[in-house]
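Report on the structure given below.
Number of protein chains: 2
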Amino acid sequence: MPPRNHVAESVRALLAEEQVAPGDRLPPERELAARLGVSRSSLREGLRRLADLGIIESRQGSGTYLAPLDLGDLFEVRLRLEPLAARLAAQRRGEEDLARLADALAEMRGVLGDPQLFGEADVRAHAAIVEASGSLPVRVLFAAIADLLRHSRATTAGNDDLRAGAVSEVAAIVEAIRDGDGDAAEAAMRDHLAHVGASLSAA
Amino acid sequence: MPPRNHVAESVRALLAEEQVAPGDRLPPERELAARLGVSRSSLREGLRRLADLGIIESRQGSGTYLAPLDLGDLFEVRLRLEPLAARLAAQRRGEEDLARLADALAEMRGVLGDPQLFGEADVRAHAAIVEASGSLPVRVLFAAIADLLRHSRATTAGNDDLRAGAVSEVAAIVEAIRDGDGDAAEAAMRDHLAHVGASLSAA
DNA sequence: GGACCATAATGGTCTGACCAATCTGGAGCA
DNA sequence: TGCTCCAGATTGGTCAGACCATTATGGTCC
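The listed protein sequences correspond, in order, to chains W and D. Quick note, the first sequence lines up with residues 10 to 212 if you use this note's numbering. Quick note, the second sequence lines up with residues 10 to 212 if you use this note's numbering.
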């Protein structure tokens, strides 16, 4: 259980549950803290994190507001950063990275029939690639946007054909990383993201 | 004066001043708070921000440590994200964005002889491009790495020829953005970053 | 109907305390 | 001498309550 994200994620869950729309005002800090059962100081550290991610915006005397977020913009960023992550992973991966990648890929194959579990395995595979990149900025930036990607992953995981396609695409990425072929890894990741992007546009 | 970054930047300044090396332990929170003249709660919100950026890492009972950071990795991320920012800026820029860009470019020309001022103007120009992109994720990610870029900018700004070159390169970017030509803007930004990268490698 | 102001609401900060995990150094023993 | 083990100190994590600064609200007065 990651302690750092705990409050931030609880707040995100609460917002989703109450259907707070972008631009809406959040409940006051004092009330949020009480509802989540934490002190206001701890809540504020969580809110600070969300504010740094651009998810919320606080205005003294007025309130805290949910910022608008364009999933298309988010995907464009992914489209630029994940191929880099794949390239670096191919150049720097260690034995432990390869093992993690193999595990994640095997799990994707194993839970192909379950959209929910498949989505989680997919997340782990992408996380393993980012981790293998060995780049601190890449890891940090992905951590920042990771929890914003839940929607798009849900879209992908919900379609049977997409899941099957994703497995072979991810397999190609993993293979290129294992071979240490940066160009191929980057290309394979672009290919994968192109398919994901197409399905997102259709949805 | 941006209140949000205040503590985080003060801490960064202090670390630079005391030559805290990556992996070193920072002074205890209570001492840092006293030295910066803020309460421990405010200090912690600042530290939380640095921790989210991957700059520091806290271990309960042990201390807070400065994480290692590879400037080369950072530049690779920049190399991927800034061209995207330039492209989006060309597609979405408003009149206000164009005015800011023109101002920043004019200022770069005006302070060409002063490395310090030039560096600041350069930062403003890049910030204006990011702002004009209109993409929340892009803005957020750049805010996250902005203060990590000081070193590389110092390198660029310290060389007379590089400054002159940077002006014409940035001018080309601004022109492409004004024309609404995303392809040209992205290419011009790549060109600019290639020059910056070459100077970094040399240094 | 509109301008103005007292009041409430809300985020920003501070102080001081206690808890939990970790580190450190000395006591005791083999 | 060298090792183990444990108690205390150190340090980050959290909490509670208070006050300040800014903004929103609603009523009053013209």
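Beta carbons: idealized from backbone N, C-alpha and C, even for Gly. Because the structure is a prediction, the values reported are computed rather than measured.
Here residue 27 of chain W carries a coil assignment [DSSP, helix/strand/coil]. Residue 150 of chain D places its beta carbon 7 Å or farther from that of residue 63 of chain W. Excluding its 5 nearest sequence neighbours in each direction, residue 88 of chain D has C-beta neighbours in its own chain below 6 Å: 202, listed in chain order. Residue burial is scored here from C-beta neighbours: residue 142 of chain W has at least 16 other C-beta atoms within 10 angstroms and is therefore classed as buried.
W:92 is the residue among W:92, W:67, W:33 and W:74 whose C-alpha sits nearest the C-alpha of residue 191 of chain W. By DSSP's assignment, residue 34 of chain D forms a beta bridge with D:74.
In chain order, 114, 117, 134 and 201 place their CB closer than 7 Å to the CB of residue 179 of chain D, counting only its own chain and leaving out the 5 sequence neighbours on each side. For residue 68 of chain W, the uninterrupted beta strand (DSSP E) run begins and ends at 65 to 68, by DSSP.
Closest by C-alpha distance to residue 80 of chain W, out of D:176, D:34, D:183 and D:147, is D:147. Listed in chain order, the positions of the stretch 193 to 209 of chain W with a beta carbon within less than 7 Å of a beta carbon of chain D would be empty, since no residue qualifies.
Contact with chain W is found for residue 54 of chain D, since one of that chain's Cβ atoms lies less than 7 Å from the residue's Cβ. Residue burial is scored here from C-beta neighbours: residue 34 of chain W has fewer than 16 other C-beta atoms within 10 angstroms and is therefore classed as exposed. DSSP, reduced to helix, strand and coil, places residue 103 of chain W outside both helices and strands of the structure shown, so it counts as coil. Residue 210 of chain W and residue 168 of chain W do not touch by the CB rule: their CB atoms are close to 13 Å apart, not below 8 Å. Under a criterion of Cβ atoms nearer than 7 Å, no residue of chain D is adjacent to residue 179 of chain W; the nearest Cβ is some 21 Å distant. Only residues of its own chain outside the window of five on either side were considered, and among them 35 and 75 have a CB closer than 7 Å to the CB of residue 29 of chain W, listed in chain order. Residue 106 of chain W sits buried, since 16 or more C-beta atoms from the chains shown fall within 10 Å of its C-beta. With respect to chain D, the C-beta atom of residue 146 of chain W has a partner C-beta closer than 7 Å. By the neighbour-count criterion, in which a residue is buried when 16 or more other Cβ atoms sit within 10 angstroms of its Cβ, residue 26 of chain D is exposed. Taking 8 Å as the Cβ-Cβ cut-off, the stretch 33 to 64 of chain D approaches chain W at 50, 53, 54, 57, 58, 60, 61, 62 and 63, given in chain order.
Inter-residue distance for residue 188 of chain W and residue 124 of chain W is about 30 Å (C-alpha atoms, whole angstroms). Within the same chain, Cβ atoms closer than 7 Å to the Cβ of residue 130 of chain D are found at 113, 116, 117 and 120, the five residues on either side in sequence being excluded. Less than 7 Å separates the beta-carbon of residue 181 of chain D from that of residue 197 of chain D. Inclusion of residue 86 of chain W and residue 52 of chain W in the CB contact set at 7 Å is not warranted, their separation being larger than that value. Under the three-state reduction of DSSP, residue 81 of chain W is assigned to helix. Taken in chain order, the members of the stretch 81 to 92 of chain W whose beta-carbon sits within less than 7 Å of a beta-carbon on chain D are 82, 83, 85, 86, 89 and 90.
Of all residues in the stretch 118 to 140 of chain W, none places a beta-carbon less than 7 Å from a beta-carbon of chain D.
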